[in-house]
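All remarks here apply to the structure that follows.
Protein chains in written order, with my numbering: chain W, 1166 to 1369; chain Z, 12 to 141.
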């Protein structure tokens, strides 16, 4: 998300009357049924242990996770960086709540089905040729999970709450958003590593 | 009341998360053999200690936006309990051996508590105290 870091909030000239806070929902509640449906499907896929269902969840979830991460980090981010400040704020309040639901759902789908798939195919066994690649993928996922959950998600939430204030602190928002820039390179690298590992696993 | 001197909750929470991740990788990387459980439990113990220090430090913090902390924390806790519950379900379904299961369940519990702590703190630290 390069250059989103430069977000500052301008709500017009300063005056005694505080401007009205931005109206938006931090968690897009209307999308929750879709999340529940996807997770219920995941439970069914694991419970029935059907290869196609597990493969479907893993490929769809993983493909979207990697695609969204790379697209947002290296395509959308720089574009937002060149937008006007009010446009960046406008974009952020619509975009970030959706990411708050989308990314954890994709990650849960991918990891849960991936582990079951590896078990189903016998890749979890230490003697399997795929095992070293699998361990590598655990490490890659571990790094991405720590960055996403420990660094980016807290910043995302804090920015949304700040934008809800009548007078958001532009400097604070810019500081929090810089985390996306600092971690975009690591996340990008990890996603490329994931692509290498997964394509290698599929062709063993 | 933003950016006041606050304990390093985020750093401690991330350390706990990293230790949890390493312990899970150690277990998952050893399947079907028994992982080095002493190392696994040491990692889990350190993660738990980091969380206890974080919670204790936060509890002693005067002038903190507790209402924002609990608002975010309770919903995050609900969400992450669901996620942890689903992962636990998969481990039970797979008949994970008892020693590994105990360790994984403890890690999941720490994970489900750690993330709401991180999220609640990240929001509350920038909100007015009260």
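All C-beta atoms in this analysis are idealised placements derived from N, C-alpha and C, irrespective of residue type, glycine included.
Query, Result
"Is the CB of residue 1281 of chain W under 8 Å away from at least one CB in chain Z?", "yes"
"For residue 1284 of chain W, go through chain Z and note every residue whose CB falls closer than 8 Å to its CB, in chain order.", "105"
"Can you list, in chain order, the residues of the stretch 85–103 of chain Z whose Cβ is nearer than 8 Å to any Cβ on chain W?", "86, 90, 93, 94, 97, 98, 100, 101"
"Measuring alpha carbon to alpha carbon, tell me which of W:1358, W:1257, W:1206 ends up nearest residue 1321 of chain W.", "W:1257"
"Comparing the C-beta of residue 1211 of chain W with each C-beta of chain Z, is any distance below 8 Å?", "yes"
"Could you please tell me which residues of the stretch 15–39 of chain Z, in chain order, have their CB closer than 8 Å to any CB of chain W?", "21, 24, 25, 28, 29, 32, 33, 35, 36, 39"
"By Cβ distance below 6 Å, which residues in the same chain neighbour residue 1271 of chain W in space, the five residues on each side in sequence not counted?", "1226, 1229, 1230"
"Under the three-state reduction of DSSP, which class applies to residue 42 of chain Z: helix, strand or coil?", "coil"
"Return helix, strand or coil for residue 1192 of chain W, following the three-state DSSP convention.", "coil"
"I need the DSSP call for residue 1293 of chain W, collapsed to helix, strand or coil.", "coil"
"Run down chain Z in chain order and give the residues with a C-beta less than 8 Å from the C-beta of residue 1290 of chain W.", "42, 43"
"Taking only runs of the beta strand (DSSP E) that begin and end inside the stretch 35–120 of chain Z, which ones reach a length of at least 3 residues, in chain order?", "none"
"Name the chain Z residues whose beta carbon is nearer than 8 Å to that of residue 1273 of chain W?", "94, 97"
"By a C-beta neighbour count over all protein chains shown, 10 Å radius and 16 as the cutoff for buried, is residue 109 of chain Z buried or exposed?", "exposed"
"Just to make sure I have the definition right: I need the residues of chain Z whose C-beta is within less than 8 Å of the C-beta of residue 1319 of chain W. Which are they?", "21, 129, 130, 132, 133, 134"
"With distances taken between CB atoms, is the gap from residue 122 of chain Z to residue 20 of chain Z smaller than 8 Å?", "no"
"Can you tell me whether residue 18 of chain Z is helix, strand or coil according to DSSP?", "coil"
"Could you say which of Z:136, Z:140, Z:130, Z:126 lies nearest to residue 27 of chain Z if we only look at CA atoms?", "Z:126"
"Using three-state DSSP, classify residue 1220 of chain W as helix, strand or coil.", "helix"
"Can you have a look at residue 1223 of chain W and say buried or exposed, based on whether 16 or more other CB atoms are within 10 angstroms of its CB?", "buried"
"Just tell me which of Z:53, Z:18, Z:57, Z:97 has its CA closest to the CA of residue 67 of chain Z.", "Z:18"
"Compare the Cα-Cα distances from residue 1336 of chain W to each of W:1363, W:1324, W:1282 and report the closest residue.", "W:1324"
"Along the alpha helix (DSSP H) that carries residue 1279 of chain W, what are the first and last residues, could you check?", "1250–1286"
"Going along the chain, which residues of its own chain have a beta-carbon closer than 7 Å to the beta-carbon of residue 1202 of chain W, five neighbours each way excluded?", "none"
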